[in-house]
Amino acid sequence: MSAETSTTVHSGLGAAPGHASGKAYVIRNAEDIMAVPAGSILVVRVLHPHLAPLLPRVAGLVVEEGAILQHATTLARECGIPAAVGIRDARSLFQDGELLEVDGYTGKVTERHVD
Amino acid sequence: MLDEVKEVGSIAQAAARSAKPYRRHIVGLPLQRSLFGQAARAATTIGLPGLSSELDFPARLDENGDLFLDRSQVAALTKALSSWFTPETLELMHTAHEGACDALVDASENAAARAAASLDGVARELSEDLANRMTLVLAYGILAKFVPDVLLRALADAGDVESPPFPEKSAGAELMQNTFELYQACRALNYTPQRLQREWPRVSPEVFHLVSEFCNRQTGFGPLAWESPGYEDPNYVVRLLHSAFDEVDAEQVRRRLSFAKRPVVARSTIDAPKKIAALRRVLGFWLDFLERETWYVRRAFYVGMIPLLQELAAGYRQKIPAFQPADLLFLEIRELAAGIADPAVIRTRRHRYTENTEYLSVHGVDPSRLATILGSS
Chain A
1 MSAETSTTVH SGLGAAPGHA SGKAYVIRNA EDIMAVPAGS ILVVRVLHPH
51 LAPLLPRVAG LVVEEGAILQ HATTLARECG IPAAVGIRDA RSLFQDGELL
101 EVDGYTGKVT ERHVD
Chain B
1001 MLDEVKEVGS IAQAAARSAK PYRRHIVGLP LQRSLFGQAA RAATTIGLPG
1051 LSSELDFPAR LDENGDLFLD RSQVAALTKA LSSWFTPETL ELMHTAHEGA
1101 CDALVDASEN AAARAAASLD GVARELSEDL ANRMTLVLAY GILAKFVPDV
1151 LLRALADAGD VESPPFPEKS AGAELMQNTF ELYQACRALN YTPQRLQREW
1201 PRVSPEVFHL VSEFCNRQTG FGPLAWESPG YEDPNYVVRL LHSAFDEVDA
1251 EQVRRRLSFA KRPVVARSTI DAPKKIAALR RVLGFWLDFL ERETWYVRRA
1301 FYVGMIPLLQ ELAAGYRQKI PAFQPADLLF LEIRELAAGI ADPAVIRTRR
1351 HRYTENTEYL SVHGVDPSRL ATILGSS
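In order, the protein sequences belong to chains A and B.
Under our numbering, the letters of the first sequence match residues 1 to 115, in that order.
Under our numbering, the letters of the second sequence match residues 1001 to 1377, in that order.
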């Protein structure tokens, strides 16, 4: 018997175009930035410029705070990393390792659950 | 003491106006918090409409380092700004903003150059001047939370259909490239990120020099809270290199970097109507500032303020034998400027700070960090 999956969709703003999927990695404190898994979807409150060197290793970005004009938008666009901003309480909504899909055009983040 | 009660009173009023913090635990050190406390006063010097007194400034910090934003003040300020934009006022705004940033960079370098040679009185004067310039840039940092959006709306209202004038290469993209170049240079000397982390600081003199120089150049990049480790700290950089480039294909990094180097095709503002051209120019500066707002103040702290504090600490130690250099971080800027240091007050503030374990954990601050940044560990 195969497991069924369900999805939950969270809506924000599309900040940098493209589609990405991967496992969530949530930054909750300063130490968390030292262990970002390659290919993950980075979930942050704000993407500050000092985190830029981590971007080449991530597949996508989910940012809690958000408007079209903010840190995450500039950086993600420059690096070609799909990003959704304005996903409120993202760091509480998502757990490390959970499968996420980011639509950087529409700002939708799809959470896939295995039931 | 009376001043503290007044401050707590005004903070409580601000908190009552907006019970939920806009951001929690952003700044905990009393010295840095006191600069935020003065940002309202600094903001009134900027000359924006709707900011005629400190009470109009929409942001306050409480003693837990939580930032409160008064949405009704933001709305009033936004409304006042929208009807104020003309090419002339925009030019004034741009000149003042750019001037504040440049003046802070100059004051930081000047403080660093003069600190070693200065007498106690001069160090005090320089630290007050540097702090004043920091508060002005902090005020712009608070305004950056909504002024760019107002400018973008004004552009749309003026009929501009172009995409926002994002920087061609942001501060973050430059940092990414420079960090990757450091990684490559270390690798060329047979130091993989793993080896570098394992052996640091007992590495070859060449690699030690590479990392140290990188830290000097990139000082200023890091979290908003000064004591949270950032690029001024070689240990942080060595760990970050491992985190950023371990198991990452160098070609993938180059692809990301080449994406960042793409030329931005934007309509020239030369032919645009005067107001649109002015709005785009000013917004372009704000968007670049968004990437550098923390850098300006953090760099000023590490490059300019720390040498001044080290200079001042010697004077305090003569008066108070048990005084530690890091105690200066528990003074407010007005106390520092006046030469006031009450050991009991410092003890109380230090205790309150170290008891806030949630704050310390969020910012990655270990017990020895404050002594380390004052160069006294």
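For every residue, glycine included, the Cβ atom is placed at its ideal position computed from N, Cα and C.
Secondary structure of residue i, DSSP reduced to three states
i              : result
residue 1219/B : strand
residue 1020/B : coil
residue 1117/B : coil
residue 1304/B : helix
residue 103/A  : strand
residue 84/A   : strand
residue 1202/B : coil
residue 1182/B : helix
residue 110/A  : strand
residue 1248/B : coil
residue 1363/B : coil
residue 1129/B : helix
residue 1277/B : helix
residue 1284/B : helix
residue 1177/B : helix
residue 1212/B : helix
residue 1235/B : helix
residue 1027/B : coil
residue 1167/B : coil
residue 1319/B : helix
residue 1340/B : coil
residue 1369/B : helix
residue 1143/B : helix
residue 1106/B : helix
residue 94/A   : coil
residue 1191/B : coil
residue 1158/B : coil
residue 1324/B : coil
Status (buried if at least 16 other CB within 10 Å, exposed otherwise) for residue i
i              : result
residue 1157/B : exposed
residue 58/A   : buried
residue 1303/B : buried
residue 1287/B : buried
residue 48/A   : buried
residue 1145/B : buried
residue 60/A   : buried
residue 1059/B : buried
residue 1335/B : buried
residue 1088/B : exposed
residue 113/A  : exposed
residue 1002/B : With a pLDDT of 34 at residue 1002/B, under the threshold of 50, the modelled position of this residue cannot be trusted, and the question is left open.
residue 1008/B : Its pLDDT being 35, under 50, residue 1008/B is placed unreliably by the model, and the measurement read from it follows with that caveat. Exposed is the call here.
residue 74/A   : buried
residue 53/A   : buried
residue 1264/B : Any reading at residue 1264/B must be qualified, since the residue scores a pLDDT of 49, below 50, and its modelled position is unreliable; the value itself is stated next. So residue 1264/B counts as exposed.
residue 1209/B : exposed
residue 1294/B : buried
residue 66/A   : buried
Proximal chain D residues relative to residue i, where beta-carbon distance stays under 9 Å
i              : result
residue 1336/B : In summary, chain D is missing from the structure at hand, where the protein chains are A and B.
Using 8 Å as the threshold, is the region 1019-1033 of chain B in touch with the region 1349-1359 of chain B, meaning 3 or more CB pairs across them?
yes
Would you be able to state if there are at least three C-beta pairs under 8 Å between the region 1176-1186 of chain B and the region 1303-1314 of chain B?
no
Give, in chain order, every residue of the region 1292-1326 of chain B whose Cβ lies closer than 8 Å to some Cβ of chain A.
1292, 1294 and 1295
At a CB distance below 9 Å, what residues from the region 67-87 of chain A approach chain B? Give them in sequence order.
67, 68, 69, 70, 71, 73, 74, 75, 77, 78, 79, 80 and 81
I'd like to know if the region 1235-1253 of chain B and the region 1318-1328 of chain B are in contact, where contact means that at least 3 CB-CB pairs between them fall below 8 Å.
no
Which runs of the alpha helix (DSSP H), 4 residues or longer, sit entirely within the region 5-75 of chain A?
none
Let me know the alpha helix (DSSP H) ranges lying completely inside the region 1047-1100 of chain B, each 4 residues or longer, listed in chain order.
1071-1082
For the pair the region 1091-1101 of chain B and the region 1060-1072 of chain B, tell me if three or more CB-CB distances fall below 8 Å.
no
Across the region 1164-1172 of chain B and the region 1098-1113 of chain B, are there enough close Cβ pairs to call them in contact, namely three or more that are closer than 8 Å?
no
Any residues in the region 29-41 of chain A with a beta carbon nearer than 8 Å to a beta carbon of chain B? Which ones, in chain order?
29, 30, 31, 33, 34, 35, 36 and 38
Take every Cβ of the region 7-15 of chain A, pair it with every Cβ of the region 101-114 of chain A, and state whether three or more of those distances are shorter than 8 Å.
yes
For the region 42-62 of chain A, which residues have a CB atom closer than 7 Å to at least one CB atom of chain B, in sequence order?
48, 49, 50, 52, 53, 54, 55, 56 and 57
Looking at C-beta atoms only, is the number of pairs between the region 1273-1289 of chain B and the region 1216-1233 of chain B that lie closer than 8 Å three or more?
no
Given 8 Å, three or more beta-carbon pairs between the region 92-108 of chain A and the region 1189-1201 of chain B
no
Is there contact here, the region 1339-1347 of chain B with the region 15-26 of chain A, by at least three beta-carbon pairs under 8 Å?
no
Chain-ordered residues of the region 1139-1171 of chain B with a beta carbon less than 8 Å from chain A
1148, 1149, 1152, 1164, 1166, 1167, 1169, 1170 and 1171
Could you please tell me which residues of the region 1237-1261 of chain B, in chain order, have their CB closer than 7 Å to any CB of chain A?
1239, 1240, 1243, 1244, 1247, 1248, 1252, 1253, 1256, 1259 and 1260
Examine the Cβ distances between the region 32-40 of chain A and the region 75-84 of chain A and report whether three or more of them are shorter than 8 Å.
no
Quick one: which residues of the region 1341-1370 of chain B get their C-beta closer than 7 Å to a C-beta of chain A? List them in chain order.
1361, 1362, 1363 and 1364
Taking a Cβ distance cut-off of 7 Å, strictly less, list which residues of the region 1202-1223 of chain B are near chain A, in chain order.
1221, 1222 and 1223
Can you list, in chain order, the residues of the region 1071-1095 of chain B whose Cβ is nearer than 8 Å to any Cβ on chain A?
none
Proximal residues, the region 1121-1134 of chain B versus chain A, C-beta separation under 9 Å
none
Quick one: which residues of the region 1056-1069 of chain B get their C-beta closer than 9 Å to a C-beta of chain A? List them in chain order.
none
Cβ contact (3+ pairs, closer than 8 Å) linking the region 1158-1168 of chain B and the region 1362-1375 of chain B:
no
Please confirm if the region 1037-1049 of chain B is in contact with the region 1132-1146 of chain B, defined as three or more CB-CB distances below 8 Å between the two stretches.
yes
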